[in-house]
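Notes follow the structure.
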Amino acid sequence: MSRSLMFPGDLLAEFERLQEQLDQAFRSSHGPASIRAMARGSFPPINVGTTPETIEVVAFAPGIDPQALQLSIDKGLLILAGERKKEVPAGGDRVSVYARERFGGPFRRVVSLPEDADPGRVTAKYRDGFLRVSIAKRESSKPRHIEVH
Amino acid sequence: MNDNTQVAARDSTQQQMENTAAILPPVDIFEDESGFTLTADLPGVGKDTLRVKVDGDNLLIEGEGSVAVPEAMELVYAEIRAPYYRRSFTLSRELDASKIEANLKDGVLKLRIPKAEEAKPRRIEVNIG
Numbered sequence: 028m029s030r031s032l033m034f035p036g037d038l039l040a041e042f043e044r045l046q047e048q049l050d051q052a053f054r055s056s057h058g059p060a061s062i063r064a065m066a067r068g069s070f071p072p073i074n075v076g077t078t079p080e081t082i083e084v085v086a087f088a089p090g091i092d093p094q095a096l097q098l099s100i101d102k103g104l105l106i107l108a109g110e111r112k113k114e115v116p117a118g119g120d121r122v123s124v125y126a127r128e129r130f131g132g133p134f135r136r137v138v139s140l141p142e143d144a145d146p147g148r149v150t151a152k153y154r155d156g157f158l159r160v161s162i163a164k165r166e167s168s169k170p171r172h173i174e175v176h
Numbered sequence: 067m068n069d070n071t072q073v074a075a076r077d078s079t080q081q082q083m084e085n086t087a088a089i090l091p092p093v094d095i096f097e098d099e100s101g102f103t104l105t106a107d108l109p110g111v112g113k114d115t116l117r118v119k120v121d122g123d124n125l126l127i128e129g130e131g132s133v134a135v136p137e138a139m140e141l142v143y144a145e146i147r148a149p150y151y152r153r154s155f156t157l158s159r160e161l162d163a164s165k166i167e168a169n170l171k172d173g174v175l176k177l178r179i180p181k182a183e184e185a186k187p188r189r190i191e192v193n194i195g
């Protein structure tokens, strides 16, 4: 039996390596990627959606003080930055730590918005660890029904 | 008759929930002298969609994240497709499962699992004689 199979930690690392290889394989087969292509596994994970009126960005960012979140739009980039403190157990050296998987530290994520995003009309809401940012689309780019006479 | 069908329906939805592919939420687990503290990231999970269940020595944490997005929304990029979380742990015998306290805030679940009184560490007197 290979050494890695005997140590679960190493096994996880193996899986991660495999995942990376797969990511790489798929990435290269998709042709040129955006220079700001988002890396998987970053904190917070982000989903992006569109509606006819808005662009919706949802970040899965639990345990963050919404006041401490920095959200800005600059030159078509939506930037989400902040910090999540690493949990320090009370009780000093009498505490055993069995798992410490939750993210801690500063984070920064950048989403490049489509050209029709209107940086002047943005709303953001934070609830249950979900951050939802709605960016309105410019009037001129909204789908319009054109009457034929 | 009616009751029966209801029970069956509930069972099948529960089955469905158990079969759904779920995300393994990241956790922190600390142990001190009086018990364990387990913290789990469950973004989007509210009090009504969270389920913490103890069955024997098995602790199950389950939850579904929901976010109000416009119906006409089309996902163009997704790092998390279905925010459905599930993770279970085996409790050790000295823990008092009946006294688990759960606290959910901003998508972070904090569980405090105390040790049973008799399991807390005691200083053992050494008699010289």
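Heads up: the sequence lines are chains H and C, in that order.
In our numbering, each residue's number is its place in the first sequence (first place is 1) plus 27.
In our numbering, each residue's number is its place in the second sequence (first place is 1) plus 66.
The C-beta atom is built at its ideal place from N, Cα and C for all residues, glycine as well.
With a threshold of 7 angstroms between beta-carbons, can residue i be considered close to chain H, or not?
i: C:E97; result: yes
i: C:E140; result: yes
i: C:P187; result: no
i: C:P92; result: yes
i: C:Q80; result: Note that C:Q80 has pLDDT 49, beneath the 50 cutoff, so the model's placement of it is unreliable and no number is given.
i: C:V192; result: no
i: C:D114; result: no
i: C:P180; result: no
i: C:V118; result: no
i: C:E160; result: no
i: C:Y143; result: yes
i: C:I146; result: yes
i: C:G122; result: no
i: C:G173; result: yes
i: C:G129; result: no
i: C:G197; result: The shown model of chain C, from 67 to 195, leaves out residue 197 of chain C, and the question about it has no answer.
I need the straight-line Cα distance from residue i to residue j, nearest angstrom please.
i: C:P92; j: C:R153; result: 9 angstroms
i: H:M28; j: H:E41; result: Here the model assigns H:M28 a pLDDT of 41, short of 50, so the residue's position is not dependable, and the following value carries that caveat. Each residue's alpha carbon lies about 15 angstroms from the other.
i: H:D143; j: H:G131; result: 34 angstroms
i: H:G109; j: H:T150; result: 18 angstroms
i: C:G122; j: C:E160; result: 13 angstroms
i: H:A88; j: C:A106; result: 12 angstroms
i: H:D101; j: H:I162; result: 13 angstroms
i: C:I127; j: H:E174; result: 55 angstroms
i: C:G173; j: C:V111; result: 6 angstroms
i: C:K171; j: H:I106; result: 25 angstroms
i: C:L90; j: H:R129; result: 12 angstroms
i: H:P146; j: C:E137; result: 23 angstroms
i: H:P116; j: H:A86; result: 27 angstroms
i: C:I194; j: C:G101; result: 32 angstroms
i: C:E140; j: H:R148; result: 20 angstroms
i: H:L45; j: H:S69; result: 18 angstroms
So with Cβ pairs under 7 angstroms, would you call residue i a contact of chain C?
i: H:R127; result: yes
i: H:G156; result: yes
i: H:F87; result: yes
i: H:S123; result: yes
i: H:E114; result: yes
i: H:E83; result: yes
i: H:V149; result: no
i: H:R135; result: no
i: H:G132; result: no
i: H:P170; result: no
i: H:V75; result: yes
i: H:P72; result: yes
i: H:G118; result: yes
i: H:G90; result: yes
Below 8 angstroms on the Cβ atoms is my guess for residue i versus residue j; work out the distance and round it to an integer in Å.
i: C:P109; j: H:G156; result: 4 angstroms
i: C:I95; j: H:Y125; result: 4 angstroms
i: H:R121; j: C:E99; result: 6 angstroms
i: H:L158; j: H:I82; result: Their Cβ separation, rounded to whole angstroms, is 14 angstroms, which puts H:L158 and H:I82 out of contact at 8 angstroms.
i: C:A163; j: C:L157; result: 6 angstroms
i: C:E97; j: H:S123; result: 5 angstroms
i: H:P71; j: H:R136; result: 7 angstroms
i: C:L116; j: C:L175; result: 7 angstroms
Quick check on this structure: which residue in the options has the alpha carbon closest to the alpha carbon of residue i?
i: H:Y153; options: H:Q97, H:I82, H:S69 and H:R44; result: H:Q97
i: H:K113; options: H:R171, H:I91, H:H172 and H:S99; result: H:I91
i: H:G118; options: C:V174, C:L125, C:T103 and C:L90; result: C:T103
i: H:L104; options: H:P72, H:L158 and H:V84; result: H:V84
i: H:A95; options: H:E128, H:F134, H:P146 and H:R148; result: H:F134
i: H:R171; options: H:Q48, H:E47 and H:E80; result: H:E80
i: C:N169; options: C:A163, C:V192, C:A87 and C:K113; result: C:K113
i: C:A87; options: C:L116, C:E191, C:Y150 and C:K171; result: C:Y150
i: H:V138; options: H:E128, H:V160 and H:G147; result: H:V160
i: C:V120; options: C:V192, C:P136, C:R189 and C:L177; result: C:L177
Report yes if the C-beta of residue i is less than 6 angstroms from at least one heavy atom of the ligand SAM; otherwise report no.
i: C:V174; result: The ligand SAM is not among the ligands present in this structure, which contains no ligands whatsoever.
Check whether the segment 142 to 152 of chain C and the segment 74 to 88 of chain H touch, using three or more Cβ-Cβ pairs below 8 angstroms as the test. yes
So, do the segment 164 to 175 of chain H and the segment 126 to 135 of chain C have three or more beta carbon pairs nearer to each other than 8 angstroms? no
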